[in-house]
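**Student:**
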Amino acid sequence: MSDLSPLLYLSALGVYLHALFVSLTLGLPLVILSLLLQYARTNNPVYLSGVKKVTAVLAVNFALGAITGTLVEFGLIQVWPGTILVIASFALTPLALELIAFSMEIVLLILFIVTLGRIKALYSIIIISLYWAFALFSGVLITAVNSWQMAPWGTGGIAQALYPFMPAYGPLYADAAKLVALKIILLASGSPLQEVLQVPEASSEIGIILTDPMIAFSNPYALVSIVHNLTAAIIIGSGVALAAWGYRYYKTGDRRYLQLIKAFAIPLFILILIQPTVSGHYMGTMVVQYNPTKFALIEGAEKTFHNPLIAFLAYGDPNHPIIGFDQFYAQCDSMKDVALKDLASSLGLSKDYILGLSNKLGISIDPKKLDQVLDTSVADVCRSDLDAALSRMSLVHYSYFTKIAFGIVAFMSAIAIMSILYDAPVLTRLTRRILRINSEDSERRWIFILASLILLGSVMSSALGWLVREVGRKPWTVYGLVYPSEVVSVSPVVYETSFVLFTAFIVLAVNLAGLFAIYIVATREFKFLDLLKKGLGVGG
Numbered sequence: 006m007s008d009l010s011p012l013l014y015l016s017a018l019g020v021y022l023h024a025l026f027v028s029l030t031l032g033l034p035l036v037i038l039s040l041l042l043q044y045a046r047t048n049n050p051v052y053l054s055g056v057k058k059v060t061a062v063l064a065v066n067f068a069l070g071a072i073t074g075t076l077v078e079f080g081l082i083q084v085w086p087g088t089i090l091v092i093a094s095f096a097l098t099p100l101a102l103e104l105i106a107f108s109m110e111i112v113l114l115i116l117f118i119v120t121l122g123r124i125k126a127l128y129s130i131i132i133i134s135l136y137w138a139f140a141l142f143s144g145v146l147i148t149a150v151n152s153w154q155m156a157p158w159g160t161g162g163i164a165q166a167l168y169p170f171m172p173a174y175g176p177l178y179a180d181a182a183k184l185v186a187l188k189i190i191l192l193a194s195g196s197p198l199q200e201v202l203q204v205p206e207a208s209s210e211i212g213i214i215l216t217d218p219m220i221a222f223s224n225p226y227a228l229v230s231i232v233h234n235l236t237a238a239i240i241i242g243s244g245v246a247l248a249a250w251g252y253r254y255y256k257t258g259d260r261r262y263l264q265l266i267k268a269f270a271i272p273l274f275i276l277i278l279i280q281p282t283v284s285g286h287y288m289g290t291m292v293v294q295y296n297p298t299k300f301a302l303i304e305g306a307e308k309t310f311h312n313p314l315i316a317f318l319a320y321g322d323p324n325h326p327i328i329g330f331d332q333f334y335a336q337c338d339s340m341k342d343v344a345l346k347d348l349a350s351s352l353g354l355s356k357d358y359i360l361g362l363s364n365k366l367g368i369s370i371d372p373k374k375l376d377q378v379l380d381t382s383v384a385d386v387c388r389s390d391l392d393a394a395l396s397r398m399s400l401v402h403y404s405y406f407t408k409i410a411f412g413i414v415a416f417m418s419a420i421a422i423m424s425i426l427y428d429a430p431v432l433t434r435l436t437r438r439i440l441r442i443n444s445e446d447s448e449r450r451w452i453f454i455l456a457s458l459i460l461l462g463s464v465m466s467s468a469l470g471w472l473v474r475e476v477g478r479k480p481w482t483v484y485g486l487v488y489p490s491e492v493v494s495v496s497p498v499v500y501e502t503s504f505v506l507f508t509a510f511i512v513l514a515v516n517l518a519g520l521f522a523i524y525i526v527a528t529r530e531f532k533f534l535d536l537l538k539k540g541l542g543v544g545g
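Structure follows, in structure tokens:
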């Protein structure tokens, strides 16, 4: 198997750039809604002007989010076609509902644009609220799918049979025998899943492997991830507006920009306080419970150690040891007398059955190679995968604590800027003294600096958090079950440097052009919404 690193980096590039537009999609409606509420209350045209500007940015961003999302989805299917097995089973219901949610987003955004300023503010508030609800629902569904990769709920103790340090992932709603048979066929043939899935007889021979298509929604890992990830996206999206208007206020001194900032500063501040503390804590407990290797990587726990503070936060017990890889290896070694054939036999799988199934699927397996795989010790598989996970410790460990540092920057900057915007007797005096704010010019400068730090801190902490989430899951694509090598394309083209570079160039070109388009719409004083309405056949 060729080196998969370039393809993993390519996928990460596409996902990260798409995430920029997703954050704006989820965060800008908070800004628009806050401004509309102020406009409905005061009838001040400053707020309506702000709504129109942000709506223009949102419209362009939405189109770019659809384009970059399509690139990511095509990349997923073209480069990692084996994921179709997950898409057609555990992810089927969430992704089907996501298509409906996305369609509603399109309808409601167009309705909001063409009616803005033509109907009562209350009706516009209702429309943008519905749009935001469907946008958030899309985020819920996509996060549910990603969370299943982190904690494959409904697979029971399948992963635990190979990795005794892993928990059981809920009740068993999957056909364990079929999944294990497929796994053994892939190991013995050296073929990825695509070779199985492209066989016309595959669906009839494999049959239904999932009995509960709603299982992804029962995943406790998903419930916490949804809150944690979506609030992070909202903070980034609305943080862009905060930094942009902070810059305009700093450059012009026009207090209208301060009015716009204060319209949504309070809900943004609340989210910044809650996201790393409340949802961040519960996200951490999910990692401890369902991703033991990831937690050990985060803490740099090659060896088990004691730390009362971390133990209290992670386990609720200051005396609990921080479990390291040494204990994982010891648990692997406890399975040294168990071979894969023993696991297969416990599920009623014989060598003849596996060979027969592989023949029906058109996958050629050398019986001697199959014997080798079946005779493989579970301990050897377990230790080999731990070695692969441990090799990522430095990256995950330092990325995590750098993420925490950036999160603290955003958190403290939010407290400081709120104490400038609003009079909090002791805190305001203390902030102004520390920052030496003694004039309107210095106040404007610090509002811009703090707004920029909030944006920088939230972007970097989210980006590094996603890196920890994804890299910490490795060496598996689905934690404890599926490797990247099993879902990659069989086409040799995807391994060519020219393919990777060309695809990366296209992805970068589309995203950079999109960001430039957003910049033009946000900074130029032409009537973008009027042009858009005319394009939709609505008068200016």
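Per this note's numbering, the very first residue in the sequence shown carries number 6; after that it's consecutive. For glycine and all other residues, C-beta sits at the position ideal for the given N, C-alpha and C. Given the structure is predicted, the values throughout are model-derived calculations rather than measurements.
#1: Please report the distance separating the alpha-carbon of residue 380 from that of residue 360.
#2: Does the Cβ-Cβ distance between residue 344 and residue 227 come in under 8 Å?
#3: Provide the residue(s) that pair with residue 161 in DSSP beta bridges, ordered along the chain.
#4: Rank 528, 522, 494, 111 by C-alpha distance to the C-alpha of residue 13 and give the top, closest one.
#5: Do residue 404 and residue 473 come within 8 Å of each other at the CB atom, strictly closer than that value?
#6: Can you tell me whether residue 494 is helix, strand or coil according to DSSP?
#7: Going by other Cβ atoms of all chains shown within 10 Å of its Cβ, with 16 needed for buried, is residue 101 buried or exposed?
#8: Assuming contact is defined by CB atoms lying nearer than 8 Å, are residue 248 and residue 28 in contact in what I supplied?
#9: Buried or exposed: where does residue 303 fall if 16 or more other Cβ atoms within 10 Å of its Cβ makes it buried?
#10: Would you mind listing the alpha helix (DSSP H) stretches within the stretch 247-322 that are 4+ residues and don't spill past its ends, in chain order?
#11: Would the stretch 429-449 count as touching the stretch 272-292 if we require 3 or more Cβ pairs under 8 Å?
#12: Compare the C-alpha of residue 392 against each of 257, 90, 298 and name the closest.
#13: Taking contact to mean 3 or more Cβ pairs, one atom from each stretch, closer than 8 Å, check whether the stretch 87-97 and the stretch 108-127 are in contact.
#14: Residues in the same chain with beta-carbon distance under 7 Å from residue 74, minus the five sequence neighbours each way, listed in chain order, please.
#15: Is the beta carbon of residue 225 less than 8 Å from the beta carbon of residue 155?
#16: Using CA coordinates, which residue listed in 467, 451, 331 is at the minimum distance from residue 305?
#17: Compare the C-alpha of residue 484 against each of 168, 68, 38, 81 and name the closest.
#18: In angstroms with no decimal places, state the Cα-to-Cα distance between residue 545 and residue 70.
#19: Tell me the residue span of the alpha helix (DSSP H) that contains residue 417.
#20: Let's test the definition: count the other Cβ atoms within 10 Å of the Cβ of residue 10 and tell me whether it reaches 16, buried, or not, exposed.
#21: For residue 215, name the three-state secondary structure that DSSP assigns.
#22: Return the CA-CA distance between residue 60 and residue 166, expressed in angstroms with no decimal places.
#23: Give every residue of the same chain whose Cβ lies closer than 7 Å to the Cβ of residue 55, excluding the five residues on either side of it in the sequence, and list them in chain order.
#24: Please list the terminal residues of the continuous alpha helix (DSSP H) segment that includes residue 327.
#25: I'd like to confirm the pairing. Which residues does DSSP put opposite residue 1 in its beta bridges?
#26: Quick one, are the C-beta atoms of residue 87 and residue 197 less than 8 Å apart?
**Tutor:** Straight from the coordinates:
#1: For the purposes of this step, residue 380 is taken as residue 375 along the sequence shown, with counting starting at 1. For the purposes of this step, residue 360 is taken as residue 355 along the sequence shown, with counting starting at 1. Distance between the alpha carbons of residue 380 and residue 360: 15 Å.
#2: Against the sequence shown, residue 344 aligns to sequence position 339. Against the sequence shown, residue 227 aligns to sequence position 222. Cβ atoms of residue 344 and residue 227: not closer than 8 Å.
#3: Position 156 of the sequence shown, counting from 1, holds the residue named residue 161. 174, per the DSSP bridge assignment.
#4: Position 8 of the sequence shown, counted from the start, is the residue given in the question as residue 13. Minimum Cα distance to residue 13 is reached at 494.
#5: Looking up residue 473 in the sequence shown gives position 468. Looking up residue 404 in the sequence shown gives position 399. Yes, Cβ-Cβ distance for residue 473 and residue 404 is below 8 Å.
#6: Numbered from 1 along the sequence shown, position 489 holds the residue referred to as residue 494. Note: residue 494 maps to coil in three-state DSSP.
#7: Position 96 of the sequence shown, counting from 1, holds the residue named residue 101. Exposed is the call here.
#8: On the sequence shown, position 243 is the one that residue 248 refers to. On the sequence shown, position 23 is the one that residue 28 refers to. No.
#9: Start at 1 with the first residue of the sequence shown, and residue 303 comes out as number 298. Buried.
#10: 260-279, 285-295, 297-304, 313-320
#11: no
#12: Against the sequence shown, residue 392 aligns to sequence position 387. Closest option to residue 392, Cα to Cα, is 298.
#13: no
#14: Counting from one through the sequence shown, the residue named residue 74 turns up at place 69. If we look at residue 74 and ignore the five residues flanking it on each side, its Cβ neighbours are 23.
#15: Along the sequence shown, read from residue 1 onward, the residue named residue 225 stands at position 220. Along the sequence shown, read from residue 1 onward, the residue named residue 155 stands at position 150. No; because the gap between Cβ atoms is not below 8 Å, this pair is not in contact.
#16: Residue numbering aside, residue 305 sits at position 300 when the sequence shown is read from its first letter. When each option's Cα is compared against that of residue 305, the closest is 331.
#17: Translated into positions along the sequence shown, residue 484 becomes position 479. Comparing Cα-Cα distances from residue 484 to each of 168, 68, 38, 81, the minimum goes to 168.
#18: By one-based count along the sequence shown, residue 545 stands at place 540. By one-based count along the sequence shown, residue 70 stands at place 65. Reliability fails at residue 545, whose pLDDT of 47 lies under 50, so the model's placement of it is uncertain and no value is given.
#19: The residue labelled residue 417 in the question sits at position 412 within the sequence shown. Here the alpha helix (DSSP H) through residue 417 covers 398-426.
#20: For this step, residue 10 is matched to residue 5 along the sequence shown. So residue 10 counts as exposed.
#21: As a first step, residue 215 is located in the sequence shown; it is residue number 210 there, counting from the start. Here residue 215 sits in strand by DSSP.
#22: For the purposes of this step, residue 60 is taken as residue 55 along the sequence shown, with counting starting at 1. For the purposes of this step, residue 166 is taken as residue 161 along the sequence shown, with counting starting at 1. Rounded to the nearest angstrom, the two C-alpha atoms are 52 Å apart.
#23: For the purposes of this step, residue 55 is identified with residue 50 of the sequence shown, where counting begins at 1. If we look at residue 55 and ignore the five residues flanking it on each side, its Cβ neighbours are 40, 265.
#24: As a first step, residue 327 is located in the sequence shown; it is residue number 322 there, counting from the start. Careful: residue 327 lies outside any alpha helix (DSSP H) and carries neither H nor E.
#25: With the chain running from 6 to 545 in the structure shown, residue 1 is simply not present.
#26: Along the sequence shown, one-based indexing puts residue 87 at 82. Along the sequence shown, one-based indexing puts residue 197 at 192. Closer than 8 Å, so yes.
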